[in-house]
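Residues 165 to 498 (the numbering used here) make up the sequence shown, in order.
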Amino acid sequence: MQRVFSGIQPSGELHLGNYLGAVRNWVRMQDDHDCFFCIVDYHAITQDYEIDKLRSRTLDMAASLLAAGIDPGRAVVFVQSHIPEHTELAWVFTTVTPIGELERMTQFKDKARRQESVLAGLLNYPVLQAADVLLYKADMVPVGEDQVQHIELMREIARKWNIRYREGFFPEPQPAVTDARRIIGLDGQAKMSKSLGNTIGIQDDSEGIWQRLRPAVTDPARVKRSDPGTPDLCNIYSLHRHFSAPDTVDEVATKCRTAAWGCLDCKRILGDNVATTFAPIRERANQLRANPEQVLDVLHEGATRARAVAQDTMQQVRELMGLMPEERTVRRDK
Ligand code: TRP
């Protein structure tokens, strides 16, 4: 079986963007892959974050993942900082990673632009990401399209390390991008993200979903109710494709082009379908929130399984790199 690794930041509950862009795909992959899913808290601290919320957001993200269908019987689910080998391998990888490559990363440039002082952790973010995946020698990384550049750098890091220390030791992982390539936020502009507030949370009920959808941006050329719209220019239409049945999607397109429906009509149907998809997830997530020990048990079990692999890889890495093992007596016979 091919090994899959992916990570998600502990932003609290899942939202529509990371559900469509990544997690839905993770759930499918569990059937026929050896999966590791990691809540990447050490990545989360590379930007401003609320110290007193990180813990609960990590736990909520774990509950969300399980509620969305990640099955701890088939996948290893764990928290990054529980396995110190992630940061250890990241350090090793900084020694084969050119700074120029890191400075070139689109995500780094975007985030750095918004900062007064750019910290080394932000620059090294993709190095830690490479360590996450390569520690488990994973072959495939299901991610949103915005992460493909990081996976390409990861492949280069693996190549460089292999050339210096051991040919073929680390695989060069492949990105697996979903059909939901890029989910635009409800503002019709930026990528969906919780911090931008342009998304729908997986825990939102019908009313909450409607509050989000009602003001959402549609085809900008459709100003009046009687203006015919262009579905392909409308973000709401693209969401229909992920949540509505094919014949509904067709109907939406026709009724939009002919102005038979207004944008609100179209959003109502989308809202109902999103609510139907999310309702069982929300229910399971609520059950899990009421039983946090259950989630903590899953994370403990996950860390135990991840640690076994991680320690084995790091042991080999240290050996191949010529680092001295800890021994009580110096062996002179070797
Ligand atoms: N950078 C990823 C994101 O923002 C999260 C992440 C961290 C990740 N480590 C990973 C994704 C390893 C895949 C594999 O979405």
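Cβ atoms here follow ideal geometry from the backbone N, Cα and C, with glycine treated the same way.
Cβ-heavy atom distance, residue i to ligand 3, below 7 Å
i           : result
residue 245 : Within the structure as shown, ligand 3 is missing, the only ligands being ligand 1.
Residues bridged to residue i [DSSP beta-bridge criterion]
i           : result
residue 202 : 171, 242
residue 179 : 365
residue 348 : 355
Nearest candidate by alpha-carbon position, reference residue i, set the options
i           : options            : result
residue 295 : 212, 207, 272      : 207
residue 195 : 239, 231, 172, 299 : 239
residue 287 : 312, 298, 254      : 254
residue 436 : 478, 236, 412      : 412
residue 197 : 172, 245, 302      : 302
residue 258 : 322, 366, 300, 191 : 322
residue 300 : 225, 447, 169, 485 : 169
residue 430 : 291, 273, 283, 383 : 383
residue 231 : 371, 484, 489, 450 : 450
Cβ shell of residue i (< 6 Å), same chain only, five flanking positions each side left out
i           : result
residue 438 : 373, 407
Contact test: residue i Cβ vs ligand 1 heavy atom, cutoff 7 Å
i           : result
residue 198 : no
residue 272 : no
residue 314 : yes
residue 413 : no
residue 285 : no
residue 209 : no
residue 297 : yes
residue 257 : no
residue 332 : no
residue 175 : no
residue 171 : yes
residue 241 : no
residue 260 : no
residue 338 : no
residue 293 : yes
residue 204 : yes
residue 166 : no
residue 311 : yes
residue 307 : yes
Span of the beta strand (DSSP E) around residue i
i           : result
residue 338 : 338–341
Range covered by the alpha helix (DSSP H) that runs through residue i
i           : result
residue 304 : First-last for residue 304: 304–307, but that is the beta strand (DSSP E), not the alpha helix (DSSP H).
residue 213 : Per DSSP, residue 213 belongs to no alpha helix (DSSP H) and is neither H nor E.
residue 491 : No alpha helix (DSSP H) contains residue 491, which DSSP labels as neither H nor E.
residue 300 : Premise fails: residue 300 is in no alpha helix (DSSP H) and is neither H nor E.
residue 420 : 410–421
residue 390 : Unbroken run through residue 390: none, as it is neither H nor E.
residue 334 : Neither: residue 334 is in no alpha helix (DSSP H) and is coded neither H nor E.
Proximal residues to residue i (C-beta, below 7 Å), its chain only, five neighbours per side dropped
i           : result
residue 471 : 247
residue 332 : 326
residue 242 : 202, 463, 466, 467, 470
residue 352 : 381, 399
residue 403 : 434
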